[in-house]
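Heads up, the thing below is written out as structure tokens.
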Amino acid sequence: MRSLLLLTLLCLSSWTLAQQQSPPANDAPPRSEPDEPKTAPGESSSRDTRIDLSPPKDDDKNRPKGGDVAPGFGDESADVHELHPFNPYRAAKDNEVGDYYYKRKNYKAALGRYQDALAFKENDALANFHMAQCYEKLDQPDEAIAHFKEYLRILPQGPLAKDAKKAVEKLTAAQKQTSEKATPK
Numbered sequence: 028m029r030s031l032l033l034l035t036l037l038c039l040s041s042w043t044l045a046q047q048q049s050p051p052a053n054d055a056p057p058r059s060e061p062d063e064p065k066t067a068p069g070e071s072s073s074r075d076t077r078i079d080l081s082p083p084k085d086d087d088k089n090r091p092k093g094g095d096v097a098p099g100f101g102d103e104s105a106d107v108h109e110l111h112p113f114n115p116y117r118a119a120k121d122n123e124v125g126d127y128y129y130k131r132k133n134y135k136a137a138l139g140r141y142q143d144a145l146a147f148k149e150n151d152a153l154a155n156f157h158m159a160q161c162y163e164k165l166d167q168p169d170e171a172i173a174h175f176k177e178y179l180r181i182l183p184q185g186p187l188a189k190d191a192k193k194a195v196e197k198l199t200a201a202q203k204q205t206s207e208k209a210t211p212k
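Using the working numbering, read the sequence shown as starting at 28 and increasing by one per residue.
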């Protein structure tokens, strides 16, 4: 029993001694402030992964429309002009969703997404080509020809240029045949 009492007394004394030697929680050294970030908030710290999203030089001068203005705000006296910013990521996503709808044979939905892509990236050749395909499937050859030609204007030697030229020839030939049948001799 004495040994048990001695052991308990020894443990309590060592615990009390440890409590007296450790500094109180209030006297802890102040925390050092973290270093300020070397980049602005929202920017990547890696120079390799930065992507320039700014519009091309002289974009204002080179755009014949002067930007996409919302309908009803075309007159110069209006105070408010709504512009769609140049956003290639948004255009790529709209193209991707348009492809999804096109594969599901929902041509009207696909056409809407390709039109959205053109709102965010004005000279998007791929969006024009796919819009032309949608118009062709929706039996609107005039619009299809216009967008195939727009693709050829943007990328005359592009990967889909041969397909676009063949489609224009096929659609114009079909239009000539229907106009000849419609006009009596």
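C-beta atoms are modelled at their ideal positions from N, C-alpha and C, and glycine is treated no differently.
query                                                                                                                   : result
Bounding residues of the alpha helix (DSSP H) (the contiguous stretch that carries Gln160)                              : Ala152 to Lys164
Residue closest to Met158, alpha-carbon to alpha-carbon, out of Phe147, Glu149, Ala137 and Asp85                        : Ala137
Cβ pair Ala194, Glu163 closer than 8 Å                                                                                  : yes
Own chain partners of Arg131 with C-beta closer than 6 Å, once the 5 adjacent residues on each side are dropped         : none
Selection from Ala146, Gln202, Val124 and Phe147 that minimises the alpha carbon distance to Ala171                     : Gln202
For Asn122 and Ala173, believed in contact at Cβ under 8 Å, the rounded distance                                        : Contact doesn't hold; Cβ gap of about 19 Å is too wide.
6 Å Cβ shell around Phe113 - same chain, five flanking residues per side excluded                                       : Pro82
Neighbourhood of Asp126 by C-beta distance below 8 Å, restricted to the same chain and skipping five residues each side : Ala137 and His157
DSSP three-state assignment for Lys130, whether helix, strand or coil                                                   : helix
Cα-Cα separation, Asp169 to Leu80                                                                                       : 34 Å
Between the CA atoms of Asn150 and Lys84 - distance to the nearest angstrom                                             : 15 Å
Assigned exposure category for Arg29 - 16 Cβ within 10 Å defines buried                                                 : exposed
Nearest to Asp86 (by Cα), restricted to the options Tyr129, Ser206, Lys148 and Lys120                                   : Lys148
DSSP three-state assignment for Phe175, whether helix, strand or coil                                                   : helix
Exposure of Ala196, with buried meaning 16 or more beta-carbon neighbours within 10 Å                                   : Reading off the sequence shown, one finds Glu at residue 196, where the question assumed Ala. That one is exposed.
Reduced DSSP secondary structure (H/G/I, E/B, other) of Asn114                                                          : coil
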